[in-house]
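*Asks:* In this note's numbering, the protein residues as written are 789 to 983. All C-beta atoms in this analysis are idealised placements derived from N, C-alpha and C, irrespective of residue type, glycine included. One structure, pasted below without further comment.
Structure, rendered in structure tokens:
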């Protein structure tokens, strides 16, 4: 069930809000994203090869979905990583998830965590939720509670994730002392302040 949940999050929540793109030219962020979202694949690849991070993200989406090209998870990962390394939070999220699941690349939990933390540091609560799942899998319930807590208040709030996180926090609270919950919330506060 957990693998299904992480995989469904990978594909179900990978759409980046257009407001999150970093402008790379004088164009407004939304007009740039709108242009890339409707651009033909050949032109999109040209822009991506020229180093446009948002275009790289869209090329990755095309490869992931098999839209206007053959579905290729290795290519999707490679393009998401290029965009992630240029600071696109949704690409960082997808790279982290793909590394965690070994999709399009070798499984690497340490590197997955690094990319998920980068996305979470930009306020992507989907990344915080995935970090919580990783902690819960390791049986670190205080760490899991911390990340679920963060996923209910990170900047880019996805209501579906908030609802799932609240349910997970309730379930975890049944096995944690009030002091452990306070510790987890304090750790969440400290993490936010450090960003």
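Which parts of the stretch 842–866 are runs of the alpha helix (DSSP H), unbroken and 4 residues or longer, counting only runs that do not cross its ends?
*Replies:* Those alpha helix (DSSP H) runs which fall completely within the stretch 842–866 and span 4+ residues do not exist here.
*Asks:* Could you give the first and the last residue of the continuous alpha helix (DSSP H) run that contains residue 880?
*Replies:* Residue numbering aside, residue 880 sits at position 92 when the chain shown is read from its first letter. First-last of the alpha helix (DSSP H) with residue 880: 877–889.
*Asks:* DSSP state of residue 912, grouped into three classes?
*Replies:* For the purposes of this step, residue 912 is taken as residue 124 along the chain shown, with counting starting at 1. It is a strand residue.
*Asks:* Would the beta-carbon of residue 880 fall within 8 angstroms of that of residue 903?
*Replies:* Within the chain shown, residue 880 is the residue found at index 92, counting from 1. Within the chain shown, residue 903 is the residue found at index 115, counting from 1. Yes, the pair counts as a contact, with Cβ atoms nearer than the cut-off.
*Asks:* Fully enclosed by the stretch 918–947, which alpha helix (DSSP H) runs are 4 residues long or longer?
*Replies:* Within the stretch 918–947, the complete alpha helix (DSSP H) runs of at least 4 residues are 929–939.
*Asks:* Please classify residue 951: does DSSP put it in a helix, a strand, or coil?
*Replies:* In the chain shown, counting from the first residue as 1, residue 951 sits at position 163. Helix, per DSSP.
*Asks:* What do you get for residue 872, buried or exposed, if any count of 16 or more other CB atoms within 10 angstroms of its CB means buried?
*Replies:* One-based indexing of the chain shown puts residue 872 at position 84. When all chains shown are included, residue 872 counts as buried.
*Asks:* Whose C-beta lies closer than 8 angstroms to the C-beta of residue 829 among residues of the same chain, with five residues either side of it excluded?
*Replies:* For the purposes of this step, residue 829 is taken as residue 41 along the chain shown, with counting starting at 1. Answer for residue 829: 847, 850, 855, 856 and 857, listed in chain order.
*Asks:* Measure how close the beta-carbons of residue 923 and residue 931 come, nearest whole angstrom, since I'm counting them as under 8 angstroms.
*Replies:* On the chain shown, position 135 is the one that residue 923 refers to. On the chain shown, position 143 is the one that residue 931 refers to. At roughly 4 angstroms, the Cβ-Cβ gap stays under 8 angstroms, so residue 923 and residue 931 are in contact.
*Asks:* For residue 834 and residue 864, what's the separation of their Cα atoms in angstroms?
*Replies:* Numbered from 1 along the chain shown, position 46 holds the residue referred to as residue 834. Numbered from 1 along the chain shown, position 76 holds the residue referred to as residue 864. When rounded, the distance between both Cα atoms is 16 angstroms.
*Asks:* With a CB to CB cut of under 7 angstroms and the five nearest residues on each side skipped, what residues in its chain are close to residue 971?
*Replies:* For the purposes of this step, residue 971 is taken as residue 183 along the chain shown, with counting starting at 1. Closer than 7 angstroms at Cβ, skipping near neighbours: 930.
*Asks:* Under the rule that 16 or more other beta-carbon atoms within 10 Å means buried, what is residue 852, buried or exposed?
*Replies:* Here the question's residue 852 lines up with position 64 in the chain shown. With 16 or more Cβ atoms within 10 Å of its Cβ, residue 852 is classed as buried.
*Asks:* When burial is assigned at 16 or more other CB atoms within 10 Å of the CB, is residue 859 buried or exposed?
*Replies:* Mapped onto the chain shown, residue 859 falls at position 71. By the neighbour-count rule (16 or more Cβ atoms within 10 Å), residue 859 is not buried but exposed.
*Asks:* Can you have a look at residue 797 and say buried or exposed, based on whether 16 or more other CB atoms are within 10 angstroms of its CB?
*Replies:* The residue labelled residue 797 in the question sits at position 9 within the chain shown. Note on residue 797: pLDDT 40, under 50, position unreliable in the model; the coordinate value appears next. That one is buried.
*Asks:* In whole angstroms, what separates the C-alpha of residue 844 from that of residue 885?
*Replies:* Stepping through the chain shown from its first residue, residue 844 is reached at position 56. Stepping through the chain shown from its first residue, residue 885 is reached at position 97. Going by the C-alpha atoms only, they are around 17 angstroms apart.
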